[in-house]
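Take the sequence shown: its letters are residues 125 to 600, numbered as in this note's numbering. These notes are about the structure you will find just below.
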Amino acid sequence: MNFSDSEIVASILSKDGYTPTDKAENADLVLLNTCSIREKAEYTVLQRINEMNTIKSRNKGMKVGVLGCMAERMREDLLEKKKVVDLVVGPDAYRTLPDLLEQVGTGQKAVNVLLSREETYGEIEPVRLNSNGVTAFVTIMRGCDNMCAFCVVPFTRGRERSREPSTIVDECKTLAVKGYGEVTLLGQNVDSFKWKLTEEEALVDFADLLEMVALACPTLRIRYSTSHPKDMTDKVLAVMAKYENIAKYIHLPVQSGSNEVLHRMNRGYTREWYLDRISSIRKHMPDCALSTDVITGFCGETEEDHQQTLRLMEEVGYDMAFMFKYSERPKTLAARKYPDEVPEEAKGRRLQEVINTQRTLSSARMATYMDSAREVLIEGISKRSEEHMFGRISQGAVTIVSRTLNGAGLAHLQVSNDVSSETTGLGEIELIPGDLVDVKIISSTAGALKGEVVGLRTVRSLAQLKEKRTEGTAAE
């Protein structure tokens with residue numbers, strides 16, 4: 125969500141004459157977009173503010189601001205007590221940035237952290253930052269109404285409000301026209317998406333929106349995040365199963381496998397309900413990948429509660445998980461109602477056991493892809509070797525392939541009006557970001573797959589092949 129918000133901010137500021145730079149030393153304005161979900165994230169931001177102020181001491185004209193969740197929660201501390209920033213802007217006030225910067229330019233401090241019941245930035249076309257030109261995020265809703273006991277988001281991002289569906293579809297269509305291959309629809313709880321302005325209008329829920337995007341953008345692979353177990357419907361699962369261009373991957377945070385802990389967390393579902401949702405996912409899409417969030421050491425968690433979480437993880441067989449120790453957040457229900465009584469040693473040990481369990485599960489799940497054929501969207505050059513490219517399969521697993529291919533060795537090409545499926549005589553082909561390739565998986569680890577390209581599907585690669593054929597014909 126924060127990265128998507130940063131792209132909205134970049135769009136607003138670009139219209140006011142600002143251009144992005146990737147070096148703080150060259151900047152007139154540095155804005156830190158922040159998260160308050162975990163204490164560690166806030167500590168990291170405070171470190172970054174200190175780093176920026178060191179640079180600011182050498183560049184007297186530079187201004188430093190804080191955006192996002194931490195801005196709303198710590199505005200007084202940042203502006204008045206520590207006096208380490210020039211402006212503080214909450215997640216619903218980004219439109220006011222130009223006016224606030226004018227105020228800062230006169231030597232004043234500036235702040236706007238008001239939350240809104242309407243703001244969605246729906247008509248703003250984001251500036252794609254650090255884009256690979258292949259994958260992009262599209263925010264479909266903002267805020268959260270769930271009030272989980274451990275979570276500060278409802279206090280920092282406000283209540284749920286959904287974007288007008290047509291603006292979402294239009295943004296996705298624009299990305300497809302620009303050559304993007306994948307889009308992720310974002311919301312704190314996408315399953316709560318609802319749009320209905322008048323009594324005459326039909327209600328558009330998340331399943332409807334997902335289908336609208338899939339139909340309007342057949343060349344885009346579509347992902348979404350995040351789902352809430354109590355709100356995920358079979359209607360959403362049926363749409364996912366129906367459309368090939370919707371990724372077969374679901375992030376479904378469980379947080380704990382214990383009903384007692386889930387009740388204290390105010391999650392709104394039981395272990396049994398969650399497992400029923402998993403069963404329905406498997407029924408609709410047997411090959412669907414699953415990831416989750418797990419918190420260890422929540423208030424009152426016992427060793428038996430912890431063991432129930434480990435057993436649930438093994439029963440589900442997650443592909444991957446995001447795992448954290450509980451850290452108390454101000455204003456939350458847990459902070460007001462429950463003592464943070466689980467010792468740090470126990471939290472850390474339980475977290476390591478969760479990590480070890482997931483590592484085993486990930487290895488087993490990745491091994492199931494061995495010898496299978498998978499469609500991989502190439503995203504870029506591998507960090508470990510410039511001779512390899514990385515991409516992802518529909519299920520989200522990172523897949524490594526050779527950057528350079530022997531065209532004659534390919535099993536097939538996608539047949540189109542202007543490119544033959546014949547591979548004879550093709551020479552060396554270099555993959556580029558955005559290519560869609562068919563891959564045979566030849567090895568796996570807990571974190572990645574390795575594959576051999578057996579076919580090409582995309583216009584970019586096929587255009588390259590057409591050019592090679594033209595050159596070959598001319599040479600003859």
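Think of the CB as a built atom: it goes at the ideal place given N, C-alpha and C, for glycine as much as any other residue.
Inter-residue CB distance, residue i and residue j (contact presumed, cutoff 8 Å)
i      : j      : result
Asp316 : Asp355 : Checking the sequence, you will find Ser at residue 316 rather than Asp. Yes, they are in contact, since the Cβ atoms of Ser316 and Asp355 sit about 6 Å apart, within 8 Å.
Ile370 : Val307 : Going by Cβ atoms, the distance from Ile370 to Val307 rounds to 11 Å, so no, they are not a contact pair.
Met186 : Val154 : 7 Å
Leu573 : Met490 : 6 Å
Ala445 : Val418 : 6 Å
Gly515 : Gln432 : Incorrect: roughly 37 Å between the Cβ atoms, too far for contact.
Asp216 : Gly311 : Actually they do not touch by this definition, with Cβ atoms about 15 Å apart.
Backbone secondary structure at residue i - three-state DSSP
i      : result
His608 : In the structure as shown, the chain begins at 125 and stops at 600. Residue 608 is therefore absent and cannot be evaluated.
Val363 : helix
Asp329 : strand
His352 : coil
Ala340 : helix
Tyr218 : helix
Arg581 : coil
Phe261 : strand
Ser540 : Since pLDDT at Ser540 reaches only 46, below the 50 mark, its modelled position is unreliable, and no value is offered.
Thr357 : coil
Thr548 : Caution is warranted here: a pLDDT of 49 is assigned to Thr548, below 50, making its placement in the model unreliable, and the coordinate value is therefore given only provisionally. Note: Thr548 maps to coil in three-state DSSP.
Met444 : strand
Lys206 : coil
Ile553 : strand
Leu334 : helix
Asp223 : helix
Thr528 : strand
Gln379 : strand
Thr306 : Looking at the sequence shown, residue 306 is not Thr but Glu. Of the three classes helix, strand and coil, the one that applies to Glu306 here is strand, per DSSP.
Tyr373 : strand
Leu601 : There is simply no residue 601 to check, as the chain begins at 125 and stops at 600 in what is shown.
Ala598 : For Ala598, the predicted structure reports a pLDDT of 46, less than 50, and the residue's modelled location is therefore unreliable. The matter cannot be settled from this model.
Ile419 : strand
Lys605 : Limits of the chain in this structure are 125 at one end and 600 at the other, which puts residue 605 out of reach.
Lys139 : coil
Distance, residue j Cα to residue i Cα
i      : j      : result
Ser486 : Asp429 : 22 Å
Glu247 : Thr220 : 16 Å
Arg527 : Ile374 : 29 Å
Asp542 : Tyr304 : Note that Asp542 scores a pLDDT of 44, beneath 50, so its modelled location is shaky and nothing firm can be said.
Asp269 : Thr280 : 12 Å
Glu149 : Ile173 : 14 Å
Lys233 : Tyr462 : 37 Å
Ser544 : Arg581 : For Ser544, the predicted structure reports a pLDDT of 47, less than 50, and the residue's modelled location is therefore unreliable. A value from the coordinates is still provided. Rounded to whole angstroms, Ser544 to Arg581 spans 12 Å at the Cα level.
Leu191 : Leu434 : 37 Å
Val385 : Gly424 : 7 Å
Glu89  : Lys206 : As shown, the chain starts at 125 and ends at 600. That puts residue 89 outside it, with no answer to give.
Arg474 : Gln482 : 12 Å
Glu439 : Gly421 : 21 Å
Lys455 : Thr492 : 44 Å
Glu323 : Asp329 : 15 Å
Asp400 : Asp140 : 51 Å
Ala331 : Arg406 : 18 Å
Leu309 : Ser240 : 21 Å
Phe448 : Thr416 : 11 Å
Gln379 : Thr569 : 25 Å
Phe261 : Thr343 : 16 Å
Ala165 : Glu175 : 15 Å
Ile161 : Asp129 : 16 Å
Thr168 : Met364 : 37 Å
Opposing strand residues paired with residue i [DSSP bridges]
i      : result
Gly189 : Leu155, Leu211
Gly515 : Ile502, Thr523
Val133 : In DSSP, Val133 forms no bridge with anything.
Lys574 : Ile524, Ser567
Asn236 : Val213
Asp562 : Glu499, Gly579
Leu414 : Ile374
Arg285 : Arg266
Check whether residue i and residue j have beta carbons under 7 Å apart
i      : j      : result
Lys372 : Cys341 : no
Asp210 : Val237 : no
Pro289 : Leu333 : yes
Val522 : Gly575 : no
Leu202 : Val212 : yes
Glu511 : Asn256 : no
Ser286 : Lys318 : yes
Asn390 : Cys275 : no
Thr158 : Met125 : no
Arg266 : Thr244 : yes
Ile553 : Met494 : no
His678 : Leu339 : No answer is possible for residue 678: it lies beyond the span of the chain, which begins at 125 and ends at 600.
Leu529 : Val563 : no
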